[in-house]
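Peer 1:
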Amino acid sequence: MNISGILVVVAPDKIDSTVETLNSLDGIDVHHIEQSSGRIIITQEAESIHDEIDGLKRVRALPGIVLAEMSYHSFEEDTENVTGIPEELEHETLDTVNAPID
Amino acid sequence: MELTRRELLKTSAAAATATAVGITIPATALAKSKEAEAGMQWDKGVCRFCGTGCGIMIGTSEGRIVATKGDPDAPVNRGLNCIKGYFNGKILYGKDRLTQPLMRMKGDKFDKNGKFKPVSWEVAFDEMARQFKKTYQEMGPTGIGVFGSGQYTIPEGYTMAKLMKAGFRSNNIDPNARHCMASAVVGFIQTFGIDEPSGNYDDIEHTDTVVTWGANMAECHPILWARVSDRRLSNDNVKLVNLTTCSNQTSDIADSEIVFKPGTDLAIQNYILRELIKKDAVNHDFVKKHCVFSTGPYDIGYGMRGTDKYAFDAEKDIQAKELKVTLDKDEAIAQRRKEGEVVEQKNTKKPVKHWMITFEEFKRGVEPYTLDFVAELSKGDAAEDIEAYKAKLKGLVDLYADPERKVTSFWTMGFNQHYRGSWVNEQIYAIHLLLGKQAQPGNGAFSLTGQPSACGTAREVGTFAHRLPADLVVFNPKHREFSAKLWKVPAKTLNPKPGSHITKIMRDLEDGHIKWAWVQVNNPFQATANANHWLKAARKEENFLVVSDPYPTISAKVADLILPTAMIFEKWGLYGNAERRTQAWRQQVAPPGEAMGDVWQGLEFAKRFKLKEVWGEQKIPGLKAKGYDDGKLPDVMAEAQKMGYSPEDTLYDVLFANKENLKVKWPDATVSRGHGNHIAEKLGDGWFPEKALFDEYRQFGVGHQHDLAKFDVYYGDKVRGLKWPVVNGKETEWRFNEKYDSYCAKGSGFDFYGKALKKLPGGDLDKVTSKEKTSLAGKAKIFFRPYAAPPEQPDNNYDLWFSTGRVLEHWHTGTMTRRVPELHRAVPTAVLFMNPEDAEKRGLQRNDLAWIESRRGKIKILVETQGRNRPPKGYTFAAFFDKGVFVNKICLDVTCPMSKEEDFKKAAIKVYKA
């Protein structure tokens, strides 16, 4: 689970419509708005970074967006750890000898 | 209502983001945010991906990194953080992290053909030293090599450079940064006599014209791009031009996109120079006071071997061009010669030599580059109307020429990874200098870099085959003397003959000139072009390859010994970014298992060598230098003993844990602040290696135009890096400009004070005519460099261009970013971007599996005809992060002959259905 904090900037006159659109998007919450500068702070919750990238692209593609960039990322729920010899090293499949050209 | 942990984290993420960008939020939100972060410690750090050098804050809890955020106080990124920034934390926790040394064994002994088995550090170093000594005794200092890195921390690079150069007396240490910015370095040294940019990132907010040349900033430098787009979109007067060989994301907000044919950027630059003169946009006053004109030989080859002995049969036709080139129609015009003329490449050994010319000669040089000629030659998209293309070129000239306009030009690998990479670098300065638009806020040519410390470590520390710290070079007797004195080693310990550059270390492994090599903080067996040769070389019976790595990369797989390595926030370190900013961080968490930092690995290895084993007479084939017998380094033991050293002292005692350094104590009351230092703790002799070595290193540059502050200063709470030279505690914003740079002579206005290559003979466009050398102290050089055709181009057999580079979600060979499983799925595998018509012609559709074949190898890849890279007909692109799609088997190991940086951007391939 990834949670990101994202800054979105729009022209001040687009702020209301953008907030409305953002609120309708899955995984996105609008937290703070600064009317005068057109800045909106949102969070995005996503299963994977893949979904996060797509999510951010989705925001950037909205009409009137000047900037949408991440600032904060939390991954405290990741718990996997390291053990033993990596599997990749036990199965040597890398072809280092065969001539490259058939 | 009680908030769930997830909701609390969201509140906290929003509060942190708002605070980072300076938005006031209600006190209740702040309070909740504090609650979410209870038990979490925050400390400043630097992103270890790309050369931008964003400041990030690292959040740790119970010995683990749990969050990262853009540092609001960091002037580079101002609280923002691109998607890569997040990996800094996540990357430590990949499932296949290496945690113990692994050696190829049969039974309980090392065996080249054995399987990897875990061994102790003791056993690992024993075998490593045994193999080293065998080769060293047989071949001397040239028989060993180190593949260094632009991702080395400053103390790591310094440790290895000192160990190799002052200890082993070998100059065979060269970083992967060679592949990244060596051409930029040559451009700086040739033009200014000193390395690294005059300006800084604030040029973005000061300028009103941004021109990107061969730099897909939107994908590769997203945070700087956010600043550029912010500037562009908030001011209508700001214009943006993207020069590229493939339509990409950077074009999305550009006012003009110029798609040119690979290699013809040189011709476009000369067209611009010609037009600036015709329009009389030249800033004559600036040029007269601060510049001279210069040129050099054209017959400099392409950085390939001079023999086809090691070439595959299919490669031989290209390799032959290293010796002789038949000029094509365009080169003939561009070089004022005849089509079909066969030009012997006579200056492959001295490609950097140059001489002064007059402005009149310079004008004669650029005269052939008319709009008609250059537009025909360079137009990269056959579908584009030639008149429309010409209008864009003219528009570009108008932007550069407009006296009311400030212009900042950015470039990265499109220029640097180029068979004439040093020339295109020189030419961009030529444009800016001719206009007097350099070294001022918003005005300047600025070289972006790709690695976090390509500048700070590779270049400034000098982990190159020919360099010493602070722009000193091994072949200059005064520089050697100065360095030896600072290092407290006998003067003739240092080897005056430059060693092998990184591609040559690979070639040396193949042809038997190097038999022992150590890979650190990089993955050269995946990242070096023409990889099939080097993979075979690694596995040659007589070669011993050590690879220090946190993960099982391709390099690790072809190694004989793998050393598990600590990653960024598991150790103390400093990096230097592309704008001369040096930044520091502390160890945040302990490395996993037995993994250890590279500084420790270098120091521990140094303990295994006594002075008597390395400081006796050593053979150096081909060495010729004043004061040295041909072909050898003298025995310096007698002098060493006079200096108080014993033959039984180890290199660790003499070079590292010496009297002065042992005084620098760990733990350190000023900076350690409760953070651990696994290296100091494991060494156990009470010193603080990173601090002692940094403060020793900085002495090279203090008072010599490369001043760094003291170690402790960079750890100050308020400090977010400092741009060198740091003089009297003050950083330097714009170099060479008297207003900002205290090194400029009083009353000079501008002073290009770099000292290298500042005495030149005079000549005409073709040759030296007056051998008498004139001093150009304080001046910069404006070069004339002609268009030269790429040595390999599409033909009937290999009928498409192929280029490689990065995509946003991955970085370099993907060793780190591919560990993050979700991310891996974002770009599941490298794809071949190609024009839909080219695909159709070959019976291919999107997502079909296809073969790419070049003269050097073939690989399978998925075809992509849509998406963010939109190649013109005849051009293809694939990123090089995926070890399953080994694109460097395809690429050509041509280099810029001056910089020895490989050209990853111009191979000819054929593509067919798999």
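In the order they appear, the protein sequences are chains A and B.
Start counting the first sequence at 1; every next residue gets the next number (our numbering).
Start counting the second sequence at 103; every next residue gets the next number (our numbering).
Note that the Cβ used here is the ideal one computed from N, Cα and C, for glycine as well.
1) So, are the CB atoms of threonine 834(B) and serine 850(B) less than 9 Å apart?
2) Is it buried or exposed for isoleucine 488(B), if we count other Cβ within 10 angstroms and need 16 for buried?
3) Under the rule that 16 or more other beta-carbon atoms within 10 Å means buried, what is arginine 957(B), buried or exposed?
4) In chain order, which continuous runs of the beta strand (DSSP E) of length 3 or greater are located wholly inside the stretch 254-285 of chain B?
5) Taking only the alpha-carbon atoms, compute the straight-line gap between arginine 206(B) and glutamate 229(B) and give it to the nearest angstrom.
6) Let me know the secondary structure DSSP gives aspartate 29(A) once reduced to three states.
7) Taking all protein chains shown into account, do 16 or more other C-beta atoms lie within 10 angstroms of the C-beta of threonine 409(B), making it buried, or fewer, making it exposed?
8) Looking at the unbroken alpha helix (DSSP H) that takes in glycine 704(B), where does it start and where does it end?
9) Would you tell me roughly how many angstroms separate the C-alpha atoms of glycine 675(B) and alanine 658(B), rounded to the nearest one?
10) Applying a beta-carbon distance threshold of less than 7 Å, which residues of chain A neighbour alanine 115(B)?
11) Alpha carbon to alpha carbon, what distance is there between leucine 132(B) and glycine 818(B)?
12) Exposed or buried, leucine 479(B), counting other C-beta atoms within 10 Å across all chains shown (16 or more means buried)?
13) Where does lysine 1007(B) land, buried or exposed, given buried means 16+ other C-beta within 10 angstroms?
14) When we look at the beta-carbon of histidine 808(B) and count the other beta-carbons within 10 Å, is it buried (16 or more) or exposed?
15) Are the stretch 790-798 of chain B and the stretch 659-669 of chain B in contact at 8 Å, needing three or more beta carbon pairs?
16) Report all residues from its chain with a CB closer than 8 Å to the CB of lysine 714(B); omit the five preceding and five following residues, and keep chain order.
17) By the criterion of Cβ-Cβ separation under 8 Å, what are the contact partners of arginine 39(A) in chain B?
18) Verify whether the separation of the beta carbon atoms of glycine 405(B) and valine 996(B) is less than 9 Å.
19) Confirm, please, whether the CB-CB distance from glycine 5(A) to alanine 120(B) is below 9 Å.
20) Do proline 299(B) and phenylalanine 577(B) have their CB atoms nearer than 9 Å?
21) For a contact defined as C-beta to C-beta under 7 Å, what are the partners of glycine 191(B) on chain A?
22) Quick one: using the 10 Å Cβ neighbour count with 16 as the cut-off for buried, is serine 650(B) buried or exposed?
23) Below 9 Å between beta carbons: does that hold for alanine 560(B) and proline 769(B)?
24) Write down the C-beta distance between isoleucine 160(B) and aspartate 145(B) rounded to the nearest angstrom, noting that I regard them as a contact closer than 8 Å.
25) Measure the alpha-carbon distance for methionine 262(B) versus glycine 704(B) and round it to whole angstroms.
26) With DSSP run on the structure shown, which of helix, strand or coil describes methionine 1000(B)?
27) In chain B, which residues lie with their C-beta within 8 Å of the C-beta of leucine 104(A)?
28) Are the stretch 338-345 of chain B and the stretch 568-585 of chain B in contact at 8 Å, needing three or more beta carbon pairs?
29) Determine, using beta carbons only, whether serine 331(B) comes closer than 9 Å to chain A.
30) How would you list, in chain order, the residues of chain A whose beta-carbon sits under 9 Å from the beta-carbon of lysine 1008(B)?
31) Quick one: is leucine 56(A) near chain C, going by C-beta distance under 9 Å?
32) Assign leucine 925(B) to one of three DSSP states: helix, strand, or coil.
33) For chain A, is any of its Cβ atoms less than 9 Å away from the one on threonine 154(B)?
34) Determine whether the beta carbon atoms of alanine 782(B) and glycine 788(B) lie at a separation below 9 Å.
35) Beta carbon of glycine 733(B), beta carbon of isoleucine 722(B): below 9 Å?
36) Buried or exposed: where does proline 896(B) fall if 16 or more other Cβ atoms within 10 Å of its Cβ makes it buried?
Peer 2: Taking the geometry as given:
1) no
2) exposed
3) buried
4) 275-277
5) 11 Å
6) strand
7) exposed
8) Start and end: 700-708.
9) 24 Å
10) Ile3, Ser4, Gly5, Thr43, Tyr72 and Ser74
11) 26 Å
12) It is buried - the Cβ of leucine 479(B) has at least 16 other Cβ atoms within 10 Å.
13) buried
14) Label assigned to histidine 808(B): buried.
15) Contact between the stretch 790-798 of chain B and the stretch 659-669 of chain B is absent, because fewer than three Cβ pairs lie under 8 Å.
16) Met739, Pro749 and Glu750
17) Val123 and Ile125
18) yes
19) yes
20) no
21) Phe75
22) Within a 10 Å sphere around the beta-carbon of serine 650(B) sit 16 or more other beta-carbons, which makes this residue buried.
23) no
24) 6 Å
25) One alpha carbon belongs to methionine 262(B), the other to glycine 704(B), and they sit about 6 Å apart.
26) coil
27) A question about residue 104(A) goes unanswered here, because the residues of chain A that appear run from 1 up to 102.
28) Three or more beta-carbon pairs separated by less than 8 Å are not found between the stretch 338-345 of chain B and the stretch 568-585 of chain B, which leaves the two stretches without contact.
29) yes
30) Going along chain A, no residue has its Cβ under 9 Å from lysine 1008(B), so there is no contact; the nearest lies around 19 Å.
31) Although the question refers to chain C, the structure presented lacks it and instead comprises the protein chains A and B.
32) Because leucine 925(B) sits at a pLDDT of 44, beneath the cut-off of 50, its placement in the model cannot be relied upon, and the point is left open.
33) no
34) yes
35) Yes.
36) buried
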